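Quick note, in this note's numbering, the sequence shown goes up one by one and the last residue is 381.
Please read the structure below before turning to the comments.
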Amino acid sequence: MASAIAYISRDTDGLHWKRILSDAFGSIDFRTLDSLGDTADIEIALAWKPPRGLLASFRNLKLIVSLGMGVDHLLADDQLPEGVPIVRIMDDGLVGQMSEYAIYWALRHHRDIDKYAESQRRKEWKPLDFVDTIHRRVGVMGLGTIGQDTARKFAMLGFPTAGWSRTSRTLDGIETFHGTDGLHKFLARSDILVAVLPLTRDTRGLLGAKAFAALPRGAYFINMARGALVDDAALLAALESGQVSGAALDVFNQEPLPVDHPYWTHPRVRVTPHIAGATNPRTASPGIIENIKRLRSGREFIHRVDPKTGY
71 MASAIAYISR DTDGLHWKRI LSDAFGSIDF RTLDSLGDTA DIEIALAWKP PRGLLASFRN
131 LKLIVSLGMG VDHLLADDQL PEGVPIVRIM DDGLVGQMSE YAIYWALRHH RDIDKYAESQ
191 RRKEWKPLDF VDTIHRRVGV MGLGTIGQDT ARKFAMLGFP TAGWSRTSRT LDGIETFHGT
251 DGLHKFLARS DILVAVLPLT RDTRGLLGAK AFAALPRGAY FINMARGALV DDAALLAALE
311 SGQVSGAALD VFNQEPLPVD HPYWTHPRVR VTPHIAGATN PRTASPGIIE NIKRLRSGRE
371 FIHRVDPKTG Y
């Protein structure tokens with residue numbers, strides 16, 4: 071039986087991945103969704119949002135690689151082959167992009183740039199009162215690789231920064247909260263809330279009316295994690311009441327965002343099309359190459375995912 075690698079994604083043609091893996095391993099049997107051939111040959115799947123049940127049809131599959139740092143797109147498949155190891159990428163380039171996204175929107179809010187843009191349209195010279203950085207508290211919700219990098223960068227900029235995670239974490243210079251007991255205290259001190267949580271059974275819909283009500287009035291919300299963390303009706307209500315002063319949203323419950331969704335035209339919402347961080351094969355490939363080597367040598371994988379927790 072041949073050993074083939076299947077690239078399962080409609081986002082790109084996979085040729086960049088083929089070149090990188092060929093450089094690492096020499097001649098490889100690299101297949102795409104449109105040319106899978108005899109699926110009994112496939113031992114490794116590089117997957118992003120695979121069709122339901124497809125991976126289960128690869129009866130000799132030995133490794134599933136998520137082409138994103140999140141794996142909820144895989145775990146959503148109720149026919150996922152049981153017992154096949156799942157690993158995720160660890161992409162320093164993507165991590166940097168994500169923190170840049172959060173910092174951009176936070177600074178835009180912090181320095182009242184939208185208000186000054188409106189003043190420019192009115193040809194009105196109107197300096198506004200300024201909130202000192204040391205008085206603008208940032209809360210990063212989720213302290214995985216991306217969350218930790220984002221929190222550290224906010225702290226370096228001088229913002230009092232805190233992080234919340236499911237289990238206890240310790241980060242130098244970052245106030246940390248964890249679990250259900252710590253959530254309300256974390257939200258209550260977050261003038262800018264950045265969501266970087268993975269989507270799991272426990273986090274789905276976590277950001278609802280109760281969570282938004284716990285924020286300081288006028289807080290700003292940035293979601294670059296997963297849309298399903300958020301109860302859209304609750305966020306819209308919080309925006310209308312002024313409890314939340316604005317939101318920058320990169321991810322949504324339904325993607326692409328439907329053309330009639332209120333987010334598109336809401337004056338205090340900024341919409342981007344899931345671009346906060348994009349996987350870069352150049353920076354993401356070292357971990358994948360290492361895991362393929364480990365598969366061939368029978369060693370433990372790096373960046374392995376526990377399907378029960380979702381990360």
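Positions of the beta carbon are idealized from the N, C-alpha and C atoms, including for glycine.
The structure displayed is predicted, hence computed values, not measured ones.
The beta strand (DSSP E) that contains residue i, what's its start and end?
i      : result
Leu319 : Val314 to Leu319
Ser311 : Counting along the chain, Ser311 falls outside any beta strand (DSSP E), though it belongs to the alpha helix (DSSP H) covering Asp302 to Ser311.
Arg158 : Ile156 to Arg158
Ser136 : Leu133 to Ser136
Leu116 : Ile112 to Ala117
Ile292 : Ala289 to Asn293
Ala74  : Ala74 to Ile78
Return the CA-CA distance between residue i and residue j, expressed in angstroms with no decimal places.
i      : j      : result
Lys185 : Leu309 : 16 angstroms
Asp81  : Met211 : 28 angstroms
Met71  : Ala172 : In this prediction, Met71 has a pLDDT of 42, which is less than 50 and means its spatial position is unreliable; what the coordinates show is noted afterwards. Met71 and Ala172: Cα-Cα distance of roughly 47 angstroms.
His331 : His344 : 16 angstroms
Gly347 : Arg158 : 15 angstroms
Gly287 : Ser315 : The sequence as given places Arg at residue 287; Gly does not occur at that position. Distance between the alpha carbons of Arg287 and Ser315: 8 angstroms.
Thr335 : Ile112 : 46 angstroms
Asn293 : Leu319 : 5 angstroms
Ser136 : Val264 : 24 angstroms
Trp195 : Glu170 : 30 angstroms
Ser238 : Phe128 : 39 angstroms
Asp376 : Asp182 : 42 angstroms
Lys223 : Tyr174 : 12 angstroms
Gly368 : Asp301 : 44 angstroms
Gly228 : Thr240 : 19 angstroms
Using 8 angstroms for Cβ pairs, my map puts residue i next to residue j. What's the rounded Cβ distance?
i      : j      : result
Leu383 : Ala295 : No statement about residue 383 is possible, as the shown extent of the chain runs from 71 to 381 and does not include it.
Leu145 : Leu125 : Actually they do not touch by this definition, with Cβ atoms about 11 angstroms apart.
Pro268 : Gly380 : 6 angstroms
Ala176 : Val208 : 7 angstroms
Leu131 : Val154 : 5 angstroms
Arg101 : Ala117 : The Cβ separation is near 12 angstroms, so there is no contact.
Ile90  : Ala115 : Actually they do not touch by this definition, with Cβ atoms about 16 angstroms apart.
Pro230 : Ile204 : 7 angstroms
His248 : Arg236 : 7 angstroms
Ala354 : Asp161 : 4 angstroms
Gly84  : Thr349 : That belief does not hold up - the Cβ atoms of Gly84 and Thr349 are roughly 12 angstroms apart, past 8 angstroms.
Ser73  : Asp99  : 7 angstroms
Gly233 : Gly243 : Not quite, the Cβ-Cβ distance comes to about 11 angstroms (not below 8 angstroms), so this is no contact.
Pro120 : Ile156 : So it is not a contact: roughly 12 angstroms between Cβ atoms.
Relative to the ligand MN, is the shortest distance from any of its heavy atoms to the C-beta of residue i smaller than 7 angstroms?
i      : result
Pro286 : Although the ligand MN was asked about, the structure shown includes no ligands whatsoever.
Hey, does residue i have any beta-carbon neighbour from chain D nearer than 8 angstroms?
i      : result
Ala172 : Included in the structure is just one protein chain, with no chain D present.
At which residues does the alpha helix (DSSP H) containing residue i begin and terminate?
i      : result
Thr102 : No alpha helix (DSSP H) holds Thr102; the beta strand (DSSP E) holding it covers Asp99 to Thr102.
Ile90  : Leu85 to Phe95
Leu145 : Asp142 to Leu145
Report the start-end ranges of each beta strand (DSSP E) in the stretch 164–224 that is 3 residues or longer and not cut off at the edges. 208–211
At 4 residues or longer, and completely inside the stretch 226–282: list those alpha helix (DSSP H) runs for me, N to C. 249–258
My parser needs the beta strand (DSSP E) runs of 3 or more residues fully inside the stretch 326–364; what are they? 339–341
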